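This report concerns only the one structure given below.
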Amino acid sequence: MQENRPQCRRNAFYISLIYFIVSVAWILFSDVTVASMVDNVDEITSLQIYKGTFFILATTLILYFLIYKYFRKMQSQYDANLKQIRKNREIKESLKISQGELSRYDMLLSTIVNSSPDAIFAKDLMGKYILFNNGAANITNADAKEMIGKNDYDVFEPEIAKQHRETDKKIIDSREVVTFEERNITKDGNANILLVTKGPLLDEFGEPFGLFGIARNITEQKEHERFLEESKEKFYNLSHIDKVTNLPNRLYISEVLAQKCAMEVPFCLIFLDLDEFKIVNDSYGHRFGDKLLFEVSKILLEVFDSNIFIARMGGDEFGIVVNLSDKKKLERLMQKLHHKFSNPFKIDMVDIYITASSGICIYPDDAQSMEEMYQASDTAMYKAKKLGKNNFSFYDEEFKKEAVECMQMATSLKQAIEKSELELYYQPQNDAQTGKVVGAEALLRWKHDDEMIPPDVFIPLAEKSGLIVEIGSFVLKSAFETVKRWRELGILNSRVAINVSARQLTHLNLIETLKNMIKESGCEASWIELEITESSVLENPKLVISLLEQIRELGFSVSMDDFGTGYSSLSYLKNLPIDKLKIDRSFIMNIRSEPKNQIIVKTIIFLAKELGIHVLAEGVETENEHSFLLENKIDSIQGYYYSKPLPLSEMQKLLEA
Ligand code: C2E
Ligand code: CA
Ligand code: CA
10 MQENRPQCRR
20 NAFYISLIYF
30 IVSVAWILFS
40 DVTVASMVDN
50 VDEITSLQIY
60 KGTFFILATT
70 LILYFLIYKY
80 FRKMQSQYDA
90 NLKQIRKNRE
100 IKESLKISQG
110 ELSRYDMLLS
120 TIVNSSPDAI
130 FAKDLMGKYI
140 LFNNGAANIT
150 NADAKEMIGK
160 NDYDVFEPEI
170 AKQHRETDKK
180 IIDSREVVTF
190 EERNITKDGN
200 ANILLVTKGP
210 LLDEFGEPFG
220 LFGIARNITE
230 QKEHERFLEE
240 SKEKFYNLSH
250 IDKVTNLPNR
260 LYISEVLAQK
270 CAMEVPFCLI
280 FLDLDEFKIV
290 NDSYGHRFGD
300 KLLFEVSKIL
310 LEVFDSNIFI
320 ARMGGDEFGI
330 VVNLSDKKKL
340 ERLMQKLHHK
350 FSNPFKIDMV
360 DIYITASSGI
370 CIYPDDAQSM
380 EEMYQASDTA
390 MYKAKKLGKN
400 NFSFYDEEFK
410 KEAVECMQMA
420 TSLKQAIEKS
430 ELELYYQPQN
440 DAQTGKVVGA
450 EALLRWKHDD
460 EMIPPDVFIP
470 LAEKSGLIVE
480 IGSFVLKSAF
490 ETVKRWRELG
500 ILNSRVAINV
510 SARQLTHLNL
520 IETLKNMIKE
530 SGCEASWIEL
540 EITESSVLEN
550 PKLVISLLEQ
560 IRELGFSVSM
570 DDFGTGYSSL
580 SYLKNLPIDK
590 LKIDRSFIMN
600 IRSEPKNQII
610 VKTIIFLAKE
620 LGIHVLAEGV
630 ETENEHSFLL
640 ENKIDSIQGY
650 YYSKPLPLSE
660 MQKLLEA
């Protein structure tokens, strides 16, 4: 504490001055006063003694108070000083302690900072590093000590350094701590992905004086994640993407449909099926077929917006999910689509005309679940096929009724055999020249509830439901027995033809069944002819040809039914192991007025003769048709011209005659 000497001097001076004035005044006036009061010298002497004593007493008292005050002040000042000294000492002591702690804390911090594998750094407002730990040095391939005072342009690629500078400025301005992923490339081309946390450095007034950052190298982790992601994607693609068209597959569309149904918003499913694709596939090969499917997928992508979900469901079927339920709009869309199929597809320099049929069902009006959507759109598609090729059709309640009726009929058909509702009719086949019966075809009839259901209706149903195998066995058994009887009676010395459906033909047990039938019935294979359709050969040519060879080896004769309707080329014929060709009724009808049919029939007859195959015309009704065929050297004729299909007893009578 500094002394205030002039003040002290001044104070002492004033006090002394007052004392001096009072003393002088006392001497001057007290003696005069005393002399005026008494005349006696003795009295004056004693009064002066009292006066002197009084003066001493007064000044003593004043001195006492002054000294007392002075000492009191001195004492309190001393106490205050002592207190301050003690306090200072205490502060000094405590400072000593916290300084020790501070240096320990410093050490701890720097140990953590430098042993951390993460980059820890700080920059001043100019972007110069004021802290750069070993972790940061490792990531950037820089020297930690040398980096102090340098900036990002000294370590990173200029573009990256520029980005850092911009980010840093934003963080300092916003005064917020942020965490983000960052791709870093050092000057020597080392690329890393970092998880960075950056924030501003603020002083005690909240003003920024720099920026701190912590960064973790997550390059490996990211690569691992990417690898996992890619593997997942690859796996997903493998199971969800169709390889031929690169479109989503059935599994994928099923997931989409299930999701859509769960969301309960209207949408529609278009089920598109190519017409006669199998024929293209079988005629030109699978690679060609795949190319065609790819071209079709291109058309679909062209017609529908990119946000519409298109999938290949398998084979020649496509599924399209559209967020539309307005029939008018859908109709326009479908017209546009089907119009595209009127142009040929050019594949391997070949122009291919292929059409498509599609069925549309709307959620939730027509169906409420994924399975129902499939079923309804499939039903609508079949309706479109029935309407004629390259058509589309909406699902409606009528289909449902039809489907239910179909199911009911399938159930009744199942019981038809047990209930003896099935019966074989026989239609004679006659020699074209002589008119003599040279064979017969067994044709199935179903008498159900006093109604005669035509085979055109129930045979496709039986094929679809798989009942055809059982029904086919009944036909074979029944025909074999009849043939055996007629042979024993000696009324028949020609073959009876039995229809074998595609499904029956490729059924595993057919050859075995035929062998057993021969054994059981006592029939000879050479008394029987098996009719197969052209389309069943086209469905699976290799398998069917080998089956036909086996059938012929057993001794049966084979004829090709409905010839001319299956689009197979005539040159195809020579590879088929067949004995007889049956020209379809559609070529015979009105043959006199149809020059094109005349050419076709003439060519078929010519070719069959060249190949040594017997040729028969089906559905001959009139004299006109008969005479044309006769002129063109047809071998035999089957048709109302000679006879309608007859019940067994009537056919027997005809043979006996
Ligand atoms: P499909 O094998 O072509 O049999 C010939 C069909 O033409 C028979 O019809 C016959 O009645 C009919 N038809 C014969 N001549 C004439 C004619 O001059 N004019 C007209 N308009 N029609 C004639 P159906 O009996 O109704 O049989 C229809 C089809 O059902 C058969 O055609 C055949 O594909 C199938 N089918 C019949 N029975 C069997 C069978 O036992 N098994 C199998 N898998 N299919 C059978
Ligand atoms: Ca037939
Ligand atoms: Ca036929």
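Counting with the numbering used here, you get residues 10 to 666 for the letters of the sequence shown. Each residue gets a CB set at the ideal place from its N, CA and C atoms; glycine is no exception. Remember, it's a predicted structure, so these values are computed and weren't measured experimentally.
Taking the Cβ atom as the reference point for each residue, do residue i and residue j lie within a distance shorter than 9 Å?
| i | j | result |
| --- | --- | --- |
| D325 | R225 | no |
| F276 | Y372 | yes |
| N633 | I600 | yes |
| G444 | K493 | no |
| I181 | G219 | yes |
| I614 | N641 | yes |
| V674 | I53 | Because the chain here runs from 10 to 666, residue 674 falls outside it and cannot be looked at. |
| E472 | A511 | yes |
| S566 | L585 | no |
| P464 | R454 | yes |
| F297 | I356 | yes |
| I129 | F189 | no |
| S32 | F64 | yes |
| P257 | I319 | yes |
| M569 | I554 | no |
| A506 | I537 | yes |
| G564 | E533 | yes |
| L582 | L514 | no |
When the Cα atoms are used, what is the spatial distance from residue i to residue j?
| i | j | result |
| --- | --- | --- |
| E238 | K207 | 29 Å |
| G481 | A451 | 12 Å |
| G294 | E234 | 43 Å |
| I27 | I71 | 11 Å |
| P656 | L552 | 35 Å |
| F467 | F244 | 45 Å |
| L476 | K231 | 59 Å |
| N439 | E619 | 22 Å |
| R14 | K82 | 16 Å |
| N193 | I169 | 7 Å |
| H249 | K241 | 12 Å |
| G397 | L281 | 14 Å |
| V624 | I643 | 6 Å |
| M10 | S45 | Residue placement at M10 cannot be trusted, given a pLDDT of 43 that sits under 50; the coordinates are not used to answer. |
| C270 | E380 | 10 Å |
| I76 | L37 | 27 Å |
| T631 | S602 | 13 Å |
| A21 | P217 | 58 Å |
| S315 | A393 | 26 Å |
| K96 | S103 | 10 Å |
| A389 | K337 | 17 Å |
| Y650 | I609 | 21 Å |
| T420 | V413 | 11 Å |
Within 9 Å (strictly less), CB to CB, does residue i reach chain D?
| i | result |
| --- | --- |
| D284 | This model lacks chain D altogether, as it is built from one protein chain only. |
Using 8 Å for Cβ pairs, my map puts residue i next to residue j. What's the rounded Cβ distance?
| i | j | result |
| --- | --- | --- |
| Q436 | A425 | So it is not a contact: roughly 21 Å between Cβ atoms. |
| T165 | K196 | The sequence shown places Phe at residue 165, not Thr. That belief holds up - the Cβ atoms of F165 and K196 are roughly 6 Å apart, short of 8 Å. |
| D251 | R321 | 4 Å |
| A617 | L639 | Not really, about 16 Å apart at Cβ, beyond 8 Å. |
| L266 | V330 | 7 Å |
| I363 | D284 | 7 Å |
| V447 | I361 | Wrong, their Cβ atoms sit about 42 Å apart, outside the cutoff. |
| I646 | A626 | 5 Å |
Quick check on this structure: which residue in the options has the alpha carbon closest to the alpha carbon of residue i?
| i | options | result |
| --- | --- | --- |
| I227 | L204, L247 and L220 | L204 |
| L278 | S652, T631, F29 and A376 | A376 |
| F313 | G328, K300 and L301 | G328 |
| E562 | S535, L547 and N518 | S535 |
| L260 | V253, N246 and L556 | N246 |
| D212 | D133, K154 and D163 | D133 |
| W35 | G61, Y383, R594 and D163 | G61 |
| S292 | N549, I560 and L342 | N549 |
| K287 | L342, Y79, R113 and A365 | A365 |
| N518 | I560, N508 and M418 | I560 |
Would the stretch 140-157 count as touching the stretch 118-132 if we require 3 or more Cβ pairs under 8 Å? Yes: the two stretches touch, three or more of their Cβ pairs being nearer than 8 Å.
Three or more C-beta pairs below 8 Å linking the stretch 178-195 and the stretch 82-90: Taking a cut-off of 8 Å on C-beta distances, the stretch 178-195 does not touch the stretch 82-90, as fewer than three cross pairs fall below it.
Count the CB pairs spanning the stretch 454-461 and the stretch 491-504 that are closer than 8 Å, and state whether there are at least three. In the pairwise beta carbon analysis, the stretch 454-461 is classified as not touching the stretch 491-504: fewer than three pairs are separated by under 8 Å.
Contact between the stretch 469-485 and the stretch 519-531 (3+ Cβ pairs under 8 Å): Contact between the stretch 469-485 and the stretch 519-531 is present, with at least three C-beta pairs closer than 8 Å.
Between the stretch 560-575 and the stretch 528-547, do at least 3 Cβ pairs fall closer than 8 Å? Yes, they touch.
Check whether the stretch 398-405 and the stretch 300-316 touch, using three or more Cβ-Cβ pairs below 8 Å as the test. Not touching, per the Cβ criterion.
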